[in-house]
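Notes follow the structure.
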Amino acid sequence: MLRFAVRAPGPGASGVALPAIDVDEPVVVIGSAPTARIRLPARVAQPEHVRVEAGRWRALHAIDDRSESGAIGDGVVLAIGGYRVHVAPSPPGAVATPAMRTESLARELVRDLLGDAGAPTLVIERGPVVGATRMLAPPESALVIGRGDEATWVIFDADLSRAHVEVRHGWDGVRVLDRGSKNGTRVDGVLVGEGGAALADGMTIAIGNVVMRYADPAERHLRAEPSASTSIPAAELFSSSGHSIVETAAPARSPSPSPSPSPLVFYAALVVAALASSALVYILAS
Numbered sequence: 095m096l097r098f099a100v101r102a103p104g105p106g107a108s109g110v111a112l113p114a115i116d117v118d119e120p121v122v123v124i125g126s127a128p129t130a131r132i133r134l135p136a137r138v139a140q141p142e143h144v145r146v147e148a149g150r151w152r153a154l155h156a157i158d159d160r161s162e163s164g165a166i167g168d169g170v171v172l173a174i175g176g177y178r179v180h181v182a183p184s185p186p187g188a189v190a191t192p193a194m195r196t197e198s199l200a201r202e203l204v205r206d207l208l209g210d211a212g213a214p215t216l217v218i219e220r221g222p223v224v225g226a227t228r229m230l231a232p233p234e235s236a237l238v239i240g241r242g243d244e245a246t247w248v249i250f251d252a253d254l255s256r257a258h259v260e261v262r263h264g265w266d267g268v269r270v271l272d273r274g275s276k277n278g279t280r281v282d283g284v285l286v287g288e289g290g291a292a293l294a295d296g297m298t299i300a301i302g303n304v305v306m307r308y309a310d311p312a313e314r315h316l317r318a319e320p321s322a323s324t325s326i327p328a329a330e331l332f333s334s335s336g337h338s339i340v341e342t343a344a345p346a347r348s349p350s351p352s353p354s355p356s357p358l359v360f361y362a363a364l365v366v367a368a369l370a371s372s373a374l375v376y377i378l379a380s
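Start counting at 1 in the sequence shown, then tack on 94, and there's your number in our numbering.
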């Protein structure tokens, strides 16, 4: 089993470290594709940028179409477009991380790129304060909604409990937990049980007379196909010592061939040349 730890660009020289993922799978793909086990933003990584298997890593997009690879050994750091992915054997007793964390961490990486514009947000669509919004804080954090002073988002609705519902933003995603309210909590019309309910972009939360919608720009960004005009910055792979192993980049496109001259232009040129010759002969004969 291998442990993958992603460090995103951020303030300071070391960047922002995300929780590590322990993966017990024969093949692990690092890239921007939805199927990648370690998912990076599309603006910095190819859909399948690096493949890890049998204790070795292999770059799939090296310069001059060369396939660069190396042993994982005691650990190796793969630097891709400013992101550092540390790969090493998992410590004794480690347990494989649930796959859902992969998608959640991918969203958090996109939030780092988008800034405040990528933060998950709740928007009230029905109730006493239509249009009111609340941005969720980074993991690990919780937002308690209710009509009492103990709530962190107070909404004055008689059908709400004092601390009605908790929206928890963790490294495994965003979940809704009912706090034992008198009227219950519904997510997309389904009553929330003791274990809570996971939120995805566009889902609604109904509490009392209030209906709010959950918006996650980072999730929408991950779902969208990268634009054909989006350039993928060059990425570098480094060993654990910091020595550059190979620089990778998007495959270069062959320059478009110059358009062939139109036949009409060719014939027009012949006519002009003939007229010029006739004029010259006339002048010399005069």
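For each residue, glycine too, the CB sits at the ideal point set by N, CA and C.
Decide if residue i is buried, meaning its Cβ has at least 16 other Cβ atoms within 10 Å, or exposed.
i: residue 260; result: buried
i: residue 328; result: Reliability of the predicted coordinates at residue 328 is poor, the pLDDT of 36 falling under 50, and the value obtained from them is presented with this limitation in mind. With fewer than 16 Cβ atoms within 10 Å of its Cβ, residue 328 is classed as exposed.
i: residue 128; result: exposed
i: residue 148; result: exposed
i: residue 98; result: buried
i: residue 133; result: buried
i: residue 190; result: exposed
i: residue 121; result: exposed
i: residue 135; result: buried
i: residue 95; result: exposed
i: residue 344; result: Below a pLDDT of 50, predicted positions are generally treated as unreliable, and residue 344, at 36, falls in that range; the measurement from the model is reported next regardless. Residue 344 should be labelled exposed.
i: residue 168; result: exposed
i: residue 297; result: buried
Can you tell me where the alpha helix (DSSP H) holding residue i begins and where it ends?
i: residue 297; result: Run containing residue 297: none; DSSP gives neither H nor E here.
i: residue 204; result: 194–208
In whole angstroms, what is the alpha-carbon distance linking residue i and residue j?
i: residue 112; j: residue 101; result: 6 Å
i: residue 342; j: residue 174; result: Because the pLDDT at residue 342 is just 35, under 50, the model does not fix this residue reliably, and the point stays unresolved.
i: residue 240; j: residue 268; result: 18 Å
i: residue 305; j: residue 180; result: 43 Å
i: residue 253; j: residue 145; result: 53 Å
i: residue 275; j: residue 282; result: 18 Å
i: residue 172; j: residue 187; result: 25 Å
i: residue 124; j: residue 223; result: 44 Å
i: residue 271; j: residue 178; result: 34 Å
i: residue 287; j: residue 225; result: 27 Å
i: residue 250; j: residue 242; result: 8 Å
i: residue 384; j: residue 153; result: With the chain covering 95 to 380 only, the question about residue 384 has no answer from this structure.
i: residue 116; j: residue 183; result: 9 Å
i: residue 257; j: residue 273; result: 7 Å
i: residue 317; j: residue 219; result: 24 Å
i: residue 142; j: residue 126; result: 7 Å
Starting from residue i and walking both ways along the beta strand (DSSP E), at which residues does that stretch end?
i: residue 307; result: 304–309
i: residue 116; result: 115–117
i: residue 236; result: 235–240
i: residue 215; result: 215–220
i: residue 279; result: 279–281
i: residue 253; result: Looking at the DSSP string, residue 253 is not in any beta strand (DSSP E), and its letter there is neither H nor E.
i: residue 260; result: 259–264
i: residue 152; result: 150–153
i: residue 124; result: 121–125
i: residue 163; result: 163–165
i: residue 131; result: Where residue 131 is concerned, there is no enclosing beta strand (DSSP E), given that its DSSP letter is neither H nor E.
i: residue 137; result: Where residue 137 is concerned, there is no enclosing beta strand (DSSP E), given that its DSSP letter is neither H nor E.
i: residue 271; result: 267–272
For the ligand PLP, is there any heavy atom lying closer than 7 Å to the beta carbon of residue i?
i: residue 132; result: Ligands displayed in this structure: none; no statement on the ligand PLP is therefore possible.
In chain order, what residues of the same chain have a beta carbon less than 6 Å from the beta carbon of residue i, not counting five sequence neighbours either side?
i: residue 278; result: 285
i: residue 291; result: 270 and 281
i: residue 300; result: 280
i: residue 228; result: 216 and 247
Can you list, in chain order, the residues of its chain whose CB lies under 7 Å from that of residue i, leaving out five sequence neighbours each side?
i: residue 314; result: 295
i: residue 198; result: 265, 266 and 267
i: residue 312; result: 201, 204, 205, 208 and 212
i: residue 151; result: 144, 163, 164, 166, 170, 172 and 181
i: residue 131; result: 117, 119, 122, 123 and 196
For residue i, which residues from the same chain have a beta carbon less than 8 Å from its beta carbon, with the 5 sequence-adjacent residues on both sides left out?
i: residue 263; result: 214, 230, 231, 232, 233, 234, 235, 236 and 237
i: residue 192; result: 266
i: residue 103; result: 109, 110, 176, 177 and 206
i: residue 210; result: 229
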